[in-house]
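Residue numbers (full-length UniProt numbering), protein chains in the order written: chain A, 1 to 232; chain B, 1 to 232; chain C, 1 to 232; chain D, 1 to 232; chain E, 1 to 232; chain F, 1 to 232.
Protein chains: 6
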Amino acid sequence: MKTVVSIGGSVLVPDLDAGRVEAYADVIGSLAAAGHDLGVVVGGGPTAREYIGAARSLGANEGELDQLGIDTTRLNARLLLAALDEDLASPTVPTDYEEAAESLHRDRVVVMGGVVPAQTTDAVSAALAEYVDADRLVFATSVPGVFDADPNEDPDAERYEEMTASELVKLVARGESLGSAGSNAPIDLLAAKVLDRSGIEAIVLDGTDPRAVERAVLEDDYEGTRIGPNHD
Amino acid sequence: MKTVVSIGGSVLVPDLDAGRVEAYADVIGSLAAAGHDLGVVVGGGPTAREYIGAARSLGANEGELDQLGIDTTRLNARLLLAALDEDLASPTVPTDYEEAAESLHRDRVVVMGGVVPAQTTDAVSAALAEYVDADRLVFATSVPGVFDADPNEDPDAERYEEMTASELVKLVARGESLGSAGSNAPIDLLAAKVLDRSGIEAIVLDGTDPRAVERAVLEDDYEGTRIGPNHD
Amino acid sequence: MKTVVSIGGSVLVPDLDAGRVEAYADVIGSLAAAGHDLGVVVGGGPTAREYIGAARSLGANEGELDQLGIDTTRLNARLLLAALDEDLASPTVPTDYEEAAESLHRDRVVVMGGVVPAQTTDAVSAALAEYVDADRLVFATSVPGVFDADPNEDPDAERYEEMTASELVKLVARGESLGSAGSNAPIDLLAAKVLDRSGIEAIVLDGTDPRAVERAVLEDDYEGTRIGPNHD
Amino acid sequence: MKTVVSIGGSVLVPDLDAGRVEAYADVIGSLAAAGHDLGVVVGGGPTAREYIGAARSLGANEGELDQLGIDTTRLNARLLLAALDEDLASPTVPTDYEEAAESLHRDRVVVMGGVVPAQTTDAVSAALAEYVDADRLVFATSVPGVFDADPNEDPDAERYEEMTASELVKLVARGESLGSAGSNAPIDLLAAKVLDRSGIEAIVLDGTDPRAVERAVLEDDYEGTRIGPNHD
Amino acid sequence: MKTVVSIGGSVLVPDLDAGRVEAYADVIGSLAAAGHDLGVVVGGGPTAREYIGAARSLGANEGELDQLGIDTTRLNARLLLAALDEDLASPTVPTDYEEAAESLHRDRVVVMGGVVPAQTTDAVSAALAEYVDADRLVFATSVPGVFDADPNEDPDAERYEEMTASELVKLVARGESLGSAGSNAPIDLLAAKVLDRSGIEAIVLDGTDPRAVERAVLEDDYEGTRIGPNHD
Amino acid sequence: MKTVVSIGGSVLVPDLDAGRVEAYADVIGSLAAAGHDLGVVVGGGPTAREYIGAARSLGANEGELDQLGIDTTRLNARLLLAALDEDLASPTVPTDYEEAAESLHRDRVVVMGGVVPAQTTDAVSAALAEYVDADRLVFATSVPGVFDADPNEDPDAERYEEMTASELVKLVARGESLGSAGSNAPIDLLAAKVLDRSGIEAIVLDGTDPRAVERAVLEDDYEGTRIGPNHD
């Protein structure tokens, strides 16, 4: 089995808490031990936001801000690598899909961050899953799935247990109703579109507890939303 | 003035017609002579489609197909470079935005193709425009603007003379009504979203006659759609 | 056994015929399964000729034309990779001999195209064979060997069953009598000279049927010309 | 005049305070306007310390910690670039001395961070100054010069107004008496040794107020320590 | 066991004597056969000194001279690679620590030379040992250990059988008493400081006979100085 | 005027004689001052031969020997750069034609060595001249032109004052009669063939006195052989 795990920056390093990183390293180790090849994509989190805020006030454009964000995701990738067993993972953080595929061709685990401006790490996760023919993609976000309304604001918000990728595209494109406070959708539109074209199965879950990722991958047991290929 | 010109593959090399490439080189030369710094992004066209078709039947995944397409866009970029005055343009085809910005920092003209999988050359054009703080972005497509219905199928289709980027996002996301036969929208969703966030003015026009690009840039005279920043 | 196979562009992609590419992928797979380490070098073919023709009419110099040709050989290499078992071959197309040697040090199969201007893929094949200490080099061309006259024009043309590398150098340097229509010798002079200095055994055969390569490598059974090291 | 300015991380981004970065950008702009070619080397600061702390607790070795620190200095370099006039500075952060020299060969200003493990940004500053034949090197630190005792602990600590590089080497090697709290000497031993061999004049000053750097470079007016070449 | 071996240029190629290189290749082969993973760092030697002398008289600065020296160490690394079993070692000479770690992650043996100006190959050896978590570092120099006076000049010079890294730092910083004629200390200050911070055990011995390295690594039997981690 | 100068290794560094290098730097300076853009390609010379001899006896193959030779040519290129005015030449040694073209696009002078195995620096010089559309190529060799017999052995050997590139190809291919002792032809076959296809004018002269190159370029005054484009 080949699995891509996308770990949001706020999930991996909410506060440069080494404990959380270590817990994720443990989960990755046990997934690898169970025979999974793993592509791991990590986000930027608070440090990225801090740098982006400072750069924005200095007049940086959106592309430059993205680049700062990408650099931070690579810092986070390196941090996670530091906690992983050195025999397990390639010690280099790949900067594009071909390099990542080359590493995963040789190693059990590869850890990367962002790739280029105008492509979020959500989208990178989906594109990596597609590029390496992954069987499944798990989004470990700060929201327990995809909802029909913002669960933080609307007590009646309901989670989709299962939906197709093209339904997700429509939902995200409408700009409504995703899990978090709207402006912070757990999966962005480009990622949804990549899922749509590639037909890879994805799971969106709350990654605050890393064990949730482990259970999802090993036992197919999770609370969250399953995004399946389109029926046709 | 700094301008990014996006030339669709089918527009630049409909049939490896050196005449069309030469005409575009002339236009670029005259824009540069008029004082414009130019980032040029070219698409893949028929050769890309041929390779992608062959690779798909051989079992390549969507990411690998994108990569083949990117390689072809770079071939096209090199072809266009061959027709440009060597003093004008950097002789290297940049492979990411930073390299492109570095070249445009030194030269009047830089020519590039695609960058990474899951990012069309439309999106590259918008992201490049954003990254280098371009004043304007011209999409030279095979369709004379953005329409409310497919002009090839619906005789009543009307072109938008002007629209905001966020209106374009909504239109593209609805998946309806763009100029061409629908499946071949002149601007894709990611490009639209980059325009939306960056507020760069864009023009969509029919680039079959390269002089149309010249007139649009030099005289602000064109038949097509102007996409303006959002009002707020 | 370490074998380098040189597949001419017109042989691999006479018309972007995925079937031919697939047949070559099958042969490579079965050679690898039989225990061969394989360096595969592919040529440019019709697409290269098309681009080169267009660029020449746009004023590109011979070096730039070579570069376009190289880019196309890499497209072809990627196409062949798409058809190969992903566990077998490095997913990256090396761009020089050291990179290729590094890949072949780790993988059963490496696929590459051209390297630099003024060095044909024939020569690349010979130089790669030399660089990785290959036991044998097979040229899969569109001509069934090396002849003393052009077999398409001279009904009495006879094929050399066996010749030394230095005899080949003399023959090619005389500019006469090679298999194809003269201007299209199955092996160029630089390749011949590399064979001459390195003493690697080479076989020139008609690669239109990929099985001919398989039989030659596995059973030493072929119709073509064997180029042996010089006697001394 | 060619000048290298070393800006400590805690001086440039004590708290991701964009104001401080902007003030430094102003100073760099005015130095460039006054005809100086400038190599700027920035340190890591609080973000580096945070990441290094987390990685250390995860078991990273000193070399890996250095690498995390280097990545952070490059983030800081990018932040400073965002505030600089784009016509002034190369938009790329060089990762070694040759690249930096190439940029400074073309641009008025180049901004970089660390280079490799086991080489602090102090040392990078000195090595860059040496590599580009700079006339002078200014260390903008959080301490107003080199002292004979820790000025924070010893009220009688006296600043050296002037010293030779080899005197500095001896002082630093003794591990005593540098300006800050000892463990955080304003200039490390490798930097001192590079100064010693290259004979470049250096100034150590308090860079909390960026104007201090401007006055030092333009008017040779500063409170701090001047490190001169050795007499011989 | 992971071991880094530092072979001085004058030890490996005192006169481009292939015999010495071959003897070292034999030792490396037998260490690898005994189960050691090996990082090998080679110095510049006479060729480096010749080029540096010429370049100095042409006005090159110290950084440029270092760069020439680094290039020569890489020539020497390639020479040693030529003598090694190709299945054993990565055929590429890494140019930084991350690349070296990546190679050692995959291969039994990696061979490299210098990395950047202002960092000797002594220091590179220590930094590599640190970066790859080596168990031990052996310095094969032209001096049989660390002495309290120059053994070539002072008949009463005594070798330290054992010392801590911080004692070594102090000794080197005093600039006295190292094995060779003072100006040519067997280990430089930066290397000593890296040992000091990382706590890796090092052995300094006379590498004129390569078997001395083999005995030291395999049987812990050597004449030289053992540098141990600091007590605390 | 754009000129490529090929300086043989034995001509530039017969014995790491800085005087000769300095004299060449002077000539390059005065050619640049006279308005020439210059691509300079340097050979390997005695150091290359020494390393190649050692590596051959260690079992390196011809490709690996070429690579060692290339590394040495780059050392020589760096040595020549050290003697050049830093404002004149790019401080980086390009490793392929595109990089060289990029540098020559920006600078008056670019200095490089070899590029890939199986391509001598003679051939690199011709390919570079072709790639950058040079007006003329000067081969500064240790032989005063192209002869009809070996001038060192045959007192009746006569120099060709002028010949076409295709005549040169025939002469070299016959393997006879070139200036030096036969095995060491002043121009190799691949270089001759590149001249033949590109039609660039070349001059072969004795470069022992660097002023001979200066006179040839500035005053068209030389003793040697002029190789002109073919008549047709």
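For glycine and all other residues, C-beta sits at the position ideal for the given N, C-alpha and C.
On the DSSP bridge assignment, give the partners of A:I203 in chain order.
As a working mapping, residue 203 of chain A is identified with position 203 in the first sequence. Beta-bridge pairing links A:I203 to A:V138, A:R226.
Taking any Cβ of chain E, which residues in the region 42-62 of chain F have a Cβ under 8 Å from it, in chain order?
T47, E50, Y51, G53, A54, A55, S57, L58, G59, A60
For a test of the three-state rule: what should DSSP assign to D:L218, helix, strand or coil?
For the purposes of this step, residue 218 of chain D is taken as residue 218 along the fourth sequence, with counting starting at 1. Correct three-state label for D:L218: helix.
What is the DSSP secondary structure of A:R108, counted as helix, strand or coil?
Along the first sequence, one-based indexing puts residue 108 of chain A at 108. Looking at A:R108 - three-state DSSP - the assignment turns out to be coil, as it is neither helix nor strand.
So what does F:S6 bridge to, in DSSP terms?
Taking the first residue of the sixth sequence as position 1, residue 6 of chain F is located at position 6. Note: F:S6 sits in a beta bridge opposite F:V41, F:F139.
Give the residues of chain E in contact with A:R106, contact being defined as C-beta atoms less than 8 Å apart.
In the first sequence, counting from the first residue as 1, residue 106 of chain A sits at position 106. Those are R106, listed as they occur along chain E.
Roughly how many angstroms lie between the CA atoms of D:T47 and D:D135, to the nearest whole one?
Translated into the one-based positions of the fourth sequence, residue 47 of chain D becomes position 47. Translated into the one-based positions of the fourth sequence, residue 135 of chain D becomes position 135. D:T47 and D:D135: Cα-Cα distance of roughly 32 Å.
Identify whether B:T72 lies in helix, strand or coil by the three-state DSSP scheme.
Within the second sequence, numbered from 1, the residue matching residue 72 of chain B stands at position 72. It is helical.
According to DSSP, is C:T121 part of a helix, a strand, or is it coil?
Taking the first residue of the third sequence as position 1, residue 121 of chain C is located at position 121. It is helical.
Give every residue of the same chain whose Cβ lies closer than 7 Å to the Cβ of A:K193, excluding the five residues on either side of it in the sequence, and list them in chain order.
The residue you call residue 193 of chain A lines up with position 193 of the first sequence. The answer, listed in chain order, is V169.
Element boundaries [beta strand (DSSP E), containing C:E86]:
Translated into the one-based positions of the third sequence, residue 86 of chain C becomes position 86. Element bounds for C:E86: n/a, residue is neither H nor E.
Own chain, CB closer than 8 Å to E:A123, minus 5 neighbours either side, in chain order
Taking the first residue of the fifth sequence as position 1, residue 123 of chain E is located at position 123. For E:A123, where only same-chain residues beyond five positions count, the Cβ hits under 8 Å are D188, L190, A191, V194.
With 8 Å as the threshold, decide whether the Cβ of C:V146 is near any Cβ in chain F.
Here residue 146 of chain C is taken as the residue at index 146 of the third sequence, counted from 1. No, C:V146 does not count as interfacial toward chain F.
Under DSSP, the alpha helix (DSSP H) around residue 289 of chain E begins and ends at which residues?
Residue 289 of chain E lies beyond the residue range present for chain E, which begins at 1 and ends at 232; the question has no answer from this structure.
Contacts that C:E64 makes with chain B (C-beta to C-beta distance below 7 Å):
As a first step, residue 64 of chain C is located in the third sequence; it is residue number 64 there, counting from the start. Neighbours of C:E64 on chain B, chain order: A82.
How is C:E158 classed by DSSP in three states: helix, strand or coil?
One-based indexing of the third sequence puts residue 158 of chain C at position 158. Three-state DSSP puts C:E158 in coil, outside helix and strand.
Taking C:P91 as the query, report the chain A residues whose CB atoms sit under 8 Å from its CB, ordered along the chain.
Position 91 of the third sequence, counted from the first residue, corresponds to residue 91 of chain C. In chain order: E98, A101, E102, H105.
Applying the criterion that 16 or more other CB atoms from any shown protein chain within 10 Å of the CB defines a buried residue, is C:G45 buried or exposed?
Reading the third sequence from its first residue, position 45 is the one you call residue 45 of chain C. Burial call: buried.
Candidates E:E64, E:I7, E:V217: closest to D:V132 by CA position:
Stepping through the fourth sequence from its first residue, residue 132 of chain D is reached at position 132. Taking only the C-alpha atoms, the option nearest D:V132 is E:E64.
Run through chain E and tell me which residues come within less than 8 Å of D:R197, C-beta to C-beta.
Position 197 of the fourth sequence, counted from the first residue, corresponds to residue 197 of chain D. The contacting residues are E62.
Quick check: the region 152-166 of chain E against the region 11-25 of chain F, are there 3 or more CB pairs under 8 Å?
no
Hey, quick one: how far does the alpha helix (DSSP H) through C:D196 stretch, first residue to last?
Along the third sequence, one-based indexing puts residue 196 of chain C at 196. From DSSP, the alpha helix (DSSP H) with C:D196 extends over 189-198.
Look at F:A212 and F:L205 and say whether their C-beta atoms are less than 8 Å apart.
Against the sixth sequence, residue 212 of chain F aligns to sequence position 212. Against the sixth sequence, residue 205 of chain F aligns to sequence position 205. Against a cut-off of 8 Å, the Cβ pair of F:L205 and F:A212 comes out as a contact.
Contacts of D:L75 in chain A (Cβ-Cβ under 9 Å):
Along the fourth sequence, one-based indexing puts residue 75 of chain D at 75. Under the 9 Å cutoff, chain A gives T47, Y51, L68, D71, T72, L75.
3-residue-minimum beta strand (DSSP E) runs that sit fully inside the region 12-64 of chain B, ordered along the chain
37-42
Would you mind sorting D:E223 into buried or exposed? The rule is 16 or more other CB atoms within 10 Å of its CB.
Position 223 of the fourth sequence, counted from the start, is the residue given in the question as residue 223 of chain D. Its Cβ having fewer than 16 others within 10 Å, D:E223 is exposed.
For the region 62-78 of chain B and the region 105-124 of chain B, state whether three or more C-beta atom pairs, one from each stretch, are separated by less than 8 Å.
yes
Can a CB atom of chain C be found closer than 8 Å to the CB of B:V111?
On the second sequence, position 111 is the one that residue 111 of chain B refers to. False, the Cβ-Cβ gap to chain C never drops below 8 Å.
Beta-carbon proximity check, F:V138 vs F:V5, cutoff 8 Å:
Counting from 1 along the sixth sequence, the entry for residue 138 of chain F is found at position 138. Counting from 1 along the sixth sequence, the entry for residue 5 of chain F is found at position 5. Contact flag set, yes.
Starting from the beta carbon of D:R78, find every residue of chain A whose beta carbon is closer than 8 Å, and list them in chain order.
Position 78 of the fourth sequence, counted from the first residue, corresponds to residue 78 of chain D. In chain order: A55, E64, Q67, L68, D71.
8 Å is my cut-off, CB to CB: does A:A192 come that close to chain B?
Indexing the first sequence from 1 puts residue 192 of chain A at position 192. For A:A192, the answer is no, since every Cβ of chain B falls outside 8 Å of its Cβ.
Spatial distance of F:A83 from B:D107 (CA atoms):
Residue numbering aside, residue 83 of chain F sits at position 83 when the sixth sequence is read from its first letter. Residue numbering aside, residue 107 of chain B sits at position 107 when the second sequence is read from its first letter. F:A83 and B:D107: Cα-Cα distance of roughly 29 Å.
Using Cβ-Cβ distances below 7 Å, what residues of the region 121-149 of chain A are close to chain B?
A123, A127, E130, Y131, D133
Mind checking residue 258 of chain F: buried by the 16 CB within 10 Å criterion, or exposed?
Residue 258 of chain F lies beyond the residue range present for chain F, which begins at 1 and ends at 232; the question has no answer from this structure.
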